[in-house]
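> The opening position of the sequence shown corresponds to residue 863 in this note's numbering, with each subsequent residue numbered one higher.
This is the structure, below, for whatever I ask next.
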Amino acid sequence: MSPSCATVSCAKQVPSPPCSATRRTTTPGYYCAAIPRDLMESEIFGHVKGAFTGAIADRDGAAAAADGGTLFLDEICEMDPYLQAKLLRFLQSGTFTRLGTEKQQKVDVRIVCATNRDPWAEVEAGRFREDLLYRLYVLPIEVPPLRERGQDVIRIAEALLAGQAAEEGKTACEFSADARTLLQSYPWPGNIRELQNAVRQSVVMHNEPVITAAMLPNRIQKSAGLAPIEVETNGVEPTTEPETAVQYVPHEVAHTEPAAPLSPEDIRPLADIEQETIEGAIALCGGDITQASKRLGIARATIYRKLKEWRRAARTAAPPVAD
863 MSPSCATVSC AKQVPSPPCS ATRRTTTPGY YCAAIPRDLM ESEIFGHVKG
913 AFTGAIADRD GAAAAADGGT LFLDEICEMD PYLQAKLLRF LQSGTFTRLG
963 TEKQQKVDVR IVCATNRDPW AEVEAGRFRE DLLYRLYVLP IEVPPLRERG
1013 QDVIRIAEAL LAGQAAEEGK TACEFSADAR TLLQSYPWPG NIRELQNAVR
1063 QSVVMHNEPV ITAAMLPNRI QKSAGLAPIE VETNGVEPTT EPETAVQYVP
1113 HEVAHTEPAA PLSPEDIRPL ADIEQETIEG AIALCGGDIT QASKRLGIAR
1163 ATIYRKLKEW RRAARTAAPP VAD
């Protein structure tokens, strides 16, 4: 499957073994590419006190934690050959030993694995055990990328939109017809993570209850030849040169030679200046928050959080609508 195809979400839909006496509903998951070999064995099979430097207490691994349920191993083709052999023995016998002991433990676990590589090609290249693949490749499920999902893209986007709208405190939020058309026609090279980002950005950047095509991120609009939406920028025009974003400073701060002497009453709250600076940088970057965050030298999550806080404050300060 392609990268970022929501494999964890798919794995969580796999039911636990029906006859298990210790049936669980949770699905422990481990990303094999991110955990070093020295830690992976302990993470999956556990260890006893003194097994290695820093092992100050006994610890159960993922296999024991998943007893009666499902254990998800993501990017299985990245697993070290030594651990492939130990995983094969575990699958054959249903038993394993924790690191630092010879005592066998038996569990009832269903194994679900995922990879964005061709496992047969990995076997041919000598990077993955053929016998292990035969053990794992019992019920293969291919999760197609979004570009091959057709109308499913809209259903997934609507589910993401509902969750994001609730998180942002918006009671009503939906896609317009032109937005649906654009979402379905866009190739989504980044798969579900790109779709999540697009939905989040659209909800965070706009207060309207209906998300139109013009409110989707610029890269998606450009794929359909649409002109990006014009964002309210307090007189600052968007630019195609993101480097100039760092040069934007609120008017009141940029002037170092005031026309008249200043007094303490002329001092503006730092929070106001910060808001103008961030909003101005976003405008200069054409609404691209990622570029703005890079140019300002702050995390993208910080900008999203600030925008959320400012919008919440604006809603709180807004006068009630008369009946």
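All C-beta atoms in this analysis are idealised placements derived from N, C-alpha and C, irrespective of residue type, glycine included.
(1) Whole angstroms are fine: how far does the CA of A919 sit from the CA of Q1153?
(2) Using a 10 Å radius around the Cβ and a threshold of 16 neighbouring Cβ atoms, would you call R1174 buried or exposed?
(3) CB G908 to CB R960, shorter than 7 Å?
(4) If we ignore side chains and look at the alpha-carbon of each, how far apart do L945 and L998 end up?
(5) If D970 sits next to G923, beta carbons under 8 Å apart, how far is it from one beta carbon to the other, in whole angstroms?
(6) If you run the structure through DSSP and keep just helix, strand and coil, what is E1103?
(7) Do N1059 and P1007 come within 7 Å of each other at the CB atom, strictly closer than that value?
(8) Would the beta-carbon of S1064 be found less than 6 Å away from any heavy atom of the ligand GTP?
(9) Specify the secondary structure class of C975 as computed by DSSP and reduced to three states.
(10) L935 lies in the alpha helix (DSSP H); which residues open and close that run?
(11) Can you name the residues that DSSP bridges to E1036?
(12) Buried or exposed: R1157, going by 16 or more other Cβ atoms within 10 Å of its Cβ?
(13) With DSSP collapsed to three states, give me the class of Q946.
(14) Going by DSSP in three states, Y999 sits in which element: helix, strand or coil?
(15) Does the beta-carbon of T1178 have 16 or more other beta-carbons within 10 angstroms, so that it is buried, or is it exposed?
(16) Rounded to the nearest angstrom, how far is the Cβ of E1023 from that of V1065, given a contact under 8 Å?
Based on what the coordinates show:
(1) Position 291 of the sequence shown, counted from the first residue, corresponds to residue 1153. Position 57 of the sequence shown, counted from the first residue, corresponds to residue 919. Rounded to whole angstroms, Q1153 to A919 spans 46 Å at the Cα level.
(2) Your numbering for residue 1174 matches position 312 in the sequence shown. Counting Cβ neighbours within 10 Å, R1174 comes out exposed, since fewer than 16 surround it.
(3) Taking the first residue of the sequence shown as position 1, residue 908 is located at position 46. Taking the first residue of the sequence shown as position 1, residue 960 is located at position 98. Cβ atoms of G908 and R960: closer than 7 Å.
(4) Translated into positions along the sequence shown, residue 945 becomes position 83. Translated into positions along the sequence shown, residue 998 becomes position 136. Distance between the alpha carbons of L945 and L998: 14 Å.
(5) The residue labelled residue 970 in the question sits at position 108 within the sequence shown. The residue labelled residue 923 in the question sits at position 61 within the sequence shown. The Cβ separation is near 15 Å, so there is no contact.
(6) Counting from 1 along the sequence shown, the entry for residue 1103 is found at position 241. Bear in mind that the predicted position of E1103 carries a pLDDT of just 49, short of 50, making it too unreliable to give a figure here.
(7) Counted from its first residue, the sequence shown places residue 1007 at position 145. Counted from its first residue, the sequence shown places residue 1059 at position 197. Not closer than 7 Å, so no.
(8) The ligand content of the structure shown is nil, which means the ligand GTP is not present either.
(9) Taking the first residue of the sequence shown as 1, we reach residue 975 at position 113. Strand at C975.
(10) The residue labelled residue 935 in the question sits at position 73 within the sequence shown. Segment 932–936 is the beta strand (DSSP E) holding L935; no alpha helix (DSSP H) there.
(11) Here residue 1036 refers to the residue found at position 174 when the sequence shown is read from its first residue. DSSP, once it has assigned bridges, lists V1072 as partnering E1036.
(12) Locating residue 1157 in the sequence shown gives position 295, counting from the first residue. By the 10 Å Cβ count, R1157 comes out buried.
(13) Residue mapping note: residue 946 aligns to position 84 of the sequence shown, counting from 1. The answer is helix: DSSP assigns Q946 an H, G or I state.
(14) Here residue 999 corresponds to residue number 137 of the sequence shown, with the count starting at 1. Reduced to three states, the DSSP call for Y999 is coil.
(15) As a working mapping, residue 1178 is identified with position 316 in the sequence shown. Exposed, by the Cβ-count rule.
(16) Numbered from its first residue, the sequence shown carries residue 1023 at position 161. Numbered from its first residue, the sequence shown carries residue 1065 at position 203. Per the sequence shown, the amino acid found at residue 1023 is Leu instead of Glu. Confirmed, about 7 Å.
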